Amino acid sequence: MSDRDPNIFGHSYTYPMNYNMHLNPAATDYAPEAHRQDNMPSQVSAAPSPYLEARVLNLEEEHDSLRGEVLSLTEMHHELCSSVDKLKKGGWPVTVGPFQDQDLTQSHLRAMEFKHKLEELSRAVHQSVDGVADEEKINGTTTPKANGNMPPHLRATGTAGGAVSKSLPPHLRGKAMSGTKEHSPVESPNNCLVTDGPVDTVTITAVPAAMPSPPMSPATVVQQDLSVDQLSLTSWKPYYLNTLKPFTTDTKVPTAGQMVTFHPQFLDQHLGGTDWSPGLKFVPGEHTCIIKNRTYYMLDPSTEPYQPEAPGLHGAKLTAFFNENPEDSSDFSGLPDGATSYEDVPMFVKQNDRYVYFGNYSQTRWSDKLDYDTMMARVPQHIKEFWATELTSPVRPAWVTEELKNHFFKKPEYSGRLHPASEADATTVTSEEEVVLNDKMARDVRKYVEELRDWEREAKMKTAMIKKQFILDAFDAADADFPPALRLWWEYLECVNWRKDFYDLLVTLQSRDARFSK
0 MSDRDPNIFG HSYTYPMNYN MHLNPAATDY APEAHRQDNM PSQVSAAPSP YLEARVLNLE
60 EEHDSLRGEV LSLTEMHHEL CSSVDKLKKG GWPVTVGPFQ DQDLTQSHLR AMEFKHKLEE
120 LSRAVHQSVD GVADEEKING TTTPKANGNM PPHLRATGTA GGAVSKSLPP HLRGKAMSGT
180 KEHSPVESPN NCLVTDGPVD TVTITAVPAA MPSPPMSPAT VVQQDLSVDQ LSLTSWKPYY
240 LNTLKPFTTD TKVPTAGQMV TFHPQFLDQH LGGTDWSPGL KFVPGEHTCI IKNRTYYMLD
300 PSTEPYQPEA PGLHGAKLTA FFNENPEDSS DFSGLPDGAT SYEDVPMFVK QNDRYVYFGN
360 YSQTRWSDKL DYDTMMARVP QHIKEFWATE LTSPVRPAWV TEELKNHFFK KPEYSGRLHP
420 ASEADATTVT SEEEVVLNDK MARDVRKYVE ELRDWEREAK MKTAMIKKQF ILDAFDAADA
480 DFPPALRLWW EYLECVNWRK DFYDLLVTLQ SRDARFSK
């Protein structure tokens, strides 16, 4: 024991402080006598981490950006307040002009042109994306998209030779990177586990990733350009009309506003004819007629919503029942050989109490019956009201009454016996068994005839009592209801000719009589 022990003699001893002593911050235990390693760098405090510095800078930039946006919003608020105050004080002159009529045809044409431009741009974009993606996939030069939410110091920066420099946080430094050569820590001044030196990045080799090419865009259906004459603002028409080719002729068909209109009395005087079916007139007799097939249409747009919209266009008319063809009737004759009442028929359409020649039309497809959905969605209510009035009119034609009776009150069917006739080579002597069978069949036939008489008397009475509301209810009834539902029919009208000589003849004849001029 030394006499310099501080506990000797009951008092303590303080060692003198050496201010030139150097402490090793990397030492785990206090060892005054240990020798300091020459290769250990002397550093009083750890250098700031680049990751934290970048993070702080990023936050400062975002803070400055938010302040700028707040200032911009404040300026916009002041400008809006100033504008509202000026408007309240009457600082802006406001002038309201008259409503300008728009040309619907021109507007529709501009809309169609704009639609075609959009389709062309869409096709160009799809072709560009598909071509670039396929080329990058073949060359192996695809690059992943940068994540806009990733901070700038974490975004990978491409370098030459496919190397990518990434800044790693401290807890991931020195760990093996998947898909690359493993980096093991080495004893060097640049190792992050030995010192907090300036090295803060790890260079790895990027493997080109196979980018899947985008899916092929669906084929775009390119519609043919429509002329102004063929544009229609009606969004729906019977399907068969859409399958017909437009009518073409060497002579341009004038518009309805450019043509001379005809007085209905003039047409009745020079063409004549009787109402054969709704909208169709037939000229009976043996005298000469300027119309070859002696039939022509007279249509009213107020009751035919799907008639041709302009001269030379296709259309369709509605009807409830059909009369027999004039050429098949025994009451009328005079049609030349080969002529029919449903081919190349002139059509006149009502316009302001006069009629316009639309061309010659043919029924190139037999009629189709409308279903319930079409009756409800495509036939206006006033059209149903018109047909209900026509079918219940006291002056309706006899054939219409007969069609109503057969439709709503079905004729009873024969359900009795039917005995087959004897063969030609059989004996002429009638057997007793055949006599009995013939007698039974005769009784059944007489009974059926009595049923037909009763049905005829009762059906006529019921048909005469049909009212307008009964027809309207039949339009709304289901197909399986009883009494049966009533549906209208399409009569398709395809324009096949526009005869200028026929039109000029009518114009000349009307000009000779001042009564029929406008």
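To convert, note that position 377 of the sequence shown is 376 in numbering that gives the first Met the number 0; the numbers rise steadily by one, no gaps. Idealized CB from N, CA, C, for every residue including glycine. Every value quoted in this text rests on a predicted model; they were computed, and no experiment measured them.
Item to check | Neighbourhood of H269 by C-beta, 7 Å cutoff - its chain only, sequence neighbours within 5 removed | outcome: Only L508 meet the Cβ criterion.
(Q) Does any residue of chain B have a CB that is nearer than 8 Å to the CB of H286? (A) Given the protein chain composition of this structure (a single chain), no chain B is represented.
(request) Look at Y491 and A315 and say whether their C-beta atoms are less than 8 Å apart. (result) With contacts defined by Cβ atoms closer than 8 Å, Y491 and A315 form a contacting pair.
Closer than 6 Å by C-beta to D370: which residues in its own chain qualify, once you throw out the five before and the five after it? Chain order, please.
Here D370 has no same chain residue with a Cβ atom under 6 Å from its own Cβ, once five neighbours each way along the sequence are excluded.
*Alpha carbon to alpha carbon, what distance is there between L120 and Y356?*
In a straight line, the C-alpha of Y356 is about 43 Å away from that of L120.
What distance in whole Å lies between the Cβ atoms of K439 and R456, which are believed to be in contact at a cut-off of 8 Å? By a beta-carbon distance limit of 8 Å, R456 does not contact K439. Their separation comes to about 27 Å.
Next on the checklist: Give the list of continuous alpha helix (DSSP H) stretches no shorter than 4 residues that lie fully inside the stretch 445-495.
Outcome noted: With a minimum length of 4 residues, the unbroken runs of alpha helix (DSSP H) contained wholly in the stretch 445-495 fall at 467-475.
For S106 and H62, the rounded distance between their alpha carbons: C-alpha separation (whole angstroms): 50 Å.
Problem set entry | Residues near V506 by beta carbon distance below 8 Å, same chain, minus five either side | Taking C-beta separations shorter than 8 Å and ignoring five residues to either side along the sequence, the partners of V506 in its chain run V259, following chain order.
Is R498 helix, strand or coil when you go by DSSP?
Note: R498 maps to coil in three-state DSSP.
Could you spell out the range, first to last residue, of the alpha helix (DSSP H) harbouring K85? For K85, the uninterrupted alpha helix (DSSP H) segment begins and ends at 49-87.
**Message:** Taking the alpha helix (DSSP H) that D372 belongs to, which residues open and close that run?
**Reply:** Annotation: the continuous alpha helix (DSSP H) that includes D372 extends over 371-377.
CA nearest to the CA of G256, picked from Y295, T294, P310
Residue P310 is the option with its Cα nearest to G256.
Consult DSSP for F519 and reduce its assignment to one of helix, strand or coil.
Missing from the structure shown is residue 519; the chain here goes from 0 to 517 and no further.
> Looking only at its own chain, which residues have a Cβ that is under 8 Å from the Cβ of Q362, when we skip the five neighbours before and after it?
Replying inline: Cβ within range, chain order: Y341, E342, E490, Y491, L492, E493.
Check your understanding: How would you label E186, buried or exposed, when you count the other beta carbons within 10 angstroms and need 16 or more for buried?
Key -> Confidence in E186 is poor, its pLDDT being 47 and thus under 50, which makes the residue's placement unreliable; the coordinate value appears in the next sentence. E186 should be labelled exposed.
**G256 - DSSP class collapsed to helix/strand/coil** = Residue state, collapsed to three classes: helix.
What does a CB cutoff of less than 7 Å around G402 pick up in its chain, not counting 5 residues either side in sequence?
Looking at the sequence itself, residue 402 is Glu, so the reference to Gly does not match. Cβ neighbours of E402 beyond the five flanking positions: F320.
- What is the DSSP secondary structure of S276, counted as helix, strand or coil? If DSSP states are grouped into helix, strand and coil, S276 belongs with the strands.
Could you check if K280 is buried or exposed, using at least 16 other CB atoms within 10 Å of its CB as the buried criterion? Looking at its Cβ environment, which holds 16 or more other Cβ atoms inside 10 Å, K280 is buried.
Practice prompt. Please classify Y305: does DSSP put it in a helix, a strand, or coil?
Written response: Reduced to three states, the DSSP call for Y305 is coil.
_Cβ-based burial, Y295 [other Cβ within 10 Å; buried from 16]_ = Y295 should be labelled buried.
Reduced DSSP category for T294 - H, G, I as helix; E, B as strand; rest coil | It is a strand residue.
Within 8 Å, strictly: CB atoms of Y413 and F261:
Y413 is not a Cβ neighbour of F261, given a cutoff of 8 Å.
By Cβ distance below 8 Å, which residues in the same chain neighbour T462 in space, the five residues on each side in sequence not counted? Within the same chain, T462 has close Cβ partners T400, L403, K404, F407, F408.
Neighbourhood of P304 by C-beta distance below 7 Å, restricted to the same chain and skipping five residues each side: Only P379, I382 meet the Cβ criterion.
- Query: Hey, how far is the Cα of E308 from the Cα of G284?
  - Reply: Near 33 Å, if we compare the C-alpha coordinates of G284 and E308.
Leaving out five residues before and five after C288 in sequence, what residues of the same chain have Cβ atoms less than 7 Å from its Cβ?
V282.
Q: Give the DSSP bridge partners of M346, in chain order.
A: Y296, G358, per the DSSP bridge assignment.
Checklist entry - Start and end of the alpha helix (DSSP H) containing A397? => result First-last of the alpha helix (DSSP H) with A397: 397-407.
Point to revise | Buried or exposed (CB count within 10 angstroms, at least 16 for buried), H313 | key: H313 should be labelled buried.
- Query: CB I290 to CB P345, shorter than 8 Å?
  - Reply: In this structure, P345 lies closer than 8 Å to I290 by Cβ.
Which value, in whole angstroms, describes the spacing of the CA atoms of D327 and S276?
-> Cα to Cα, the separation comes out at about 14 Å.
- Buried versus exposed, by CB contacts within 10 Å (16 or more), V348: In this structure V348 is buried. Its beta-carbon is surrounded by 16 or more other beta-carbon atoms within 10 angstroms.
### Message
Can you check which of these residues, K85, L266, S82, is closest to S516 by C-alpha distance?
### Response
Measuring from the Cα of S516, the nearest candidate turns out to be L266.
Next item on the list: List the DSSP bridge partners of G314.
Entry: The partner list for G314 (beta bridge, DSSP) reads L492.
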